[in-house]
Amino acid sequence: MATLKDVLTKIGAVKKTKQITKAMGMVATSKLRGAQQNMDGFRPYAGKFAEVLGSLAEKAGEGASPLLVPREEVKKINIVLCTSDRGLCGGFNANLIAAAKKFVNERSEQEVDISFTNFGKKGRDWCRTNKMEIDSENLGIVGAKFGFNVALTAGQKLIDGFLDGTYDEIYVVFSEFISTARQIPTVKQILPIPPIETAEEEEVDTVKPFLAEHICEPSPKELLGDLLPRHVYVQIYSGLLETSTSEHAARMAAMDNATSACDDMISSLSLAYNKARQAAITAELMDIVGGAEALKG
Amino acid sequence: MAGNIKLEVVTPEKSVVSEDAKIVVAPGNLGDFGVLIGHTPFLSTLKVGSLRYIDANNTERYVFISGGFAETLPDKVTVLAESAERRRDIDVQRAKTSLERAQKRLADISKKEDFDFMRARTALERALHRLKLSGSRA
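Next up, the structure:
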């Protein structure tokens, strides 16, 4: 049985762990707020962009840009894997990696080469241990402050790779932020650009009359050529933003759990400590009483 | 001319301008264009440069735009730019250092079609426009 001192040391240790998890949870909460603000700031841009692109794609018609054309034979796929740099966020990275792995397994049956563009250290480490081909890695971005130019640089590289035939398809694996309690690992195709969904049914009625008579400068086709690469950047940027936000949310939840687990441990250890102390006092009393009885005798 | 047109300048990071303007002059790829209320629906790409507008209080204002595109509707102009900042928010020091860096890089690179060359040239262009805009007082 553990001695009094052992239990006391253990309680002290758990209390300190609790302080750390609590602090980490608070840091994650405040970072989550920042990340959510970034997402809110991005929303007007993304919304407007999708609206313009949707109407333009309809106008310019099929085959307006090589970025839209699917390859007949897919030999090489690049996966943009967004994970966090740091751990201690529950199953967050494991879920993302599992999604990527599932995707890789599905596609490798069709004899395609797969390479990775990594954002985040956890995903890169996984690629390394599993001997995956890594085309580029970008650390210190997810979960930190980053600007649109990060997505721009990465996007340019991917587009160049797609156009010169290095890649036939490009996907992004990221964590979609639904709420602080729910983040879903998602696989999304970014190149060739899948058919662009036009705005939702109800919206179409109000928007269309205007768009039908839009003057375009330069021509719709050239405009589309200019906008489509931006569409790729927007997709990557939104993937990174969502993953960052999800990371903080996941860490916050994980730290909350850890803190309450610490509380549970502290209370059960305190109980054990009190019991042990009471047992010691009782034993001591028995000794004294026994001694007194013996003297009387 | 009756009434003001709503001007919105948004970047992926935030919304930079959202207010009423009497006239908006934007740096289109095929030349600058001015927009008043009631303009016909119009879509144009923008180059690196400065967007000018006169606000509701008759003050002329400038916004730096690093390329993007603009959608014009009869009552509203929406500018989507990769980055944009109002003149007073331009970081002169940063623009200066990036100007020097771009110049140095351009001097080093000889091949003109090179990817890095293009990047350095656009960086130079951005820095020059930022400096020009922040230097001009009105």
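Quick note, the sequences are listed as chains A and B, same order.
Read in my numbering, the first sequence has 178 at position 171, and its numbers run on one by one without any break.
Read in my numbering, the second sequence has 32 at position 50, and its numbers run on one by one without any break.
Idealized CB from N, CA, C, for every residue including glycine.
Does the stretch 233 to 243 of chain A come close enough to the stretch 151 to 166 of chain A that 3 or more CB-CB pairs lie under 8 Å?
Between the stretch 151 to 166 of chain A and the stretch 233 to 243 of chain A, the count of C-beta pairs closer than 8 Å reaches three or more; the two stretches touch.
Confirm, please, whether the CB-CB distance from residue 87 of chain A to residue 178 of chain A is below 8 Å.
yes
If you count every other CB in all the chains shown that lies within 10 Å of the CB of residue 100 of chain B, and 16 or more means buried, which is it?
exposed
Can you tell me whether residue 212 of chain A is buried or exposed? The criterion is at least 16 other CB atoms within 10 Å of its CB, across all chains shown.
With a pLDDT of 44 at residue 212 of chain A, under the threshold of 50, the modelled position of this residue cannot be trusted, and the question is left open.
Short of 9 Å Cβ to Cβ, which residues in the stretch 171 to 200 of chain A face chain B?
none
What does DSSP give as the partner residue(s) for residue 42 of chain B in the beta ladder?
Its beta-bridge partners are B:36.
DSSP three-state assignment for residue 129 of chain A, whether helix, strand or coil:
Helix, per DSSP.
Give a yes or no on whether the C-beta atoms belonging to residue 35 of chain B and residue 7 of chain B are separated by under 8 Å.
Going by C-beta atoms, residue 35 of chain B is nearer than 8 Å to residue 7 of chain B.
Would you kindly report the start and end of the unbroken beta strand (DSSP E) that includes residue 179 of chain A?
176 to 186
At a CB-CB cut-off below 8 Å, which residues of chain A make contact with residue -7 of chain B?
The contacting residues are 52 and 155.
Any idea what DSSP makes of residue 166 of chain A, helix, strand or coil?
In the structure shown, residue 166 of chain A sits in a helix (DSSP, three-state: H, G or I).
If you draw a straight line from the C-alpha of residue 83 of chain A to the C-alpha of residue 197 of chain A, how long is it?
14 Å
Please check if any C-beta of chain B sits within less than 8 Å of the C-beta of residue 15 of chain A.
no
Please name the residue or residues paired with residue 194 of chain A in a DSSP beta bridge.
A:180
Could you check which residue in B:42, B:18 and B:29 has the C-alpha nearest to that of residue 59 of chain B?
For the residues B:42, B:18 and B:29, the minimum Cα distance to residue 59 of chain B belongs to B:18.
Going by CA-CA distance only, name the one from A:11, A:23 and A:30 that's closest to residue 259 of chain A.
Nearest C-alpha to residue 259 of chain A: A:30.
Let's test the definition: count the other Cβ atoms within 10 Å of the Cβ of residue 54 of chain B and tell me whether it reaches 16, buried, or not, exposed.
A residue is called buried once 16 or more other Cβ atoms fall within 10 Å of its Cβ, and residue 54 of chain B is buried on that count.
Thinking C-beta only, is residue 27 of chain B closer than 8 Å to residue 230 of chain A?
yes
Under three-state DSSP, which class holds residue 249 of chain A?
helix
For residue 122 of chain A and residue 100 of chain A, the rounded distance between their alpha carbons
19 Å
With a threshold of 8 Å between beta-carbons, can residue -3 of chain B be considered close to chain A, or not?
yes
Could one say the Cβ of residue 80 of chain B lies closer than 8 Å to chain C's Cβ atoms, at least one of them?
In the structure shown, chain C does not exist; the protein chains are A and B.
For residue 153 of chain A, tell me which candidate among A:250, A:298 and A:118 has the shortest Cα-Cα distance.
The alpha carbon of residue 153 of chain A has as its nearest neighbour, out of A:250, A:298 and A:118, the alpha carbon of A:250.
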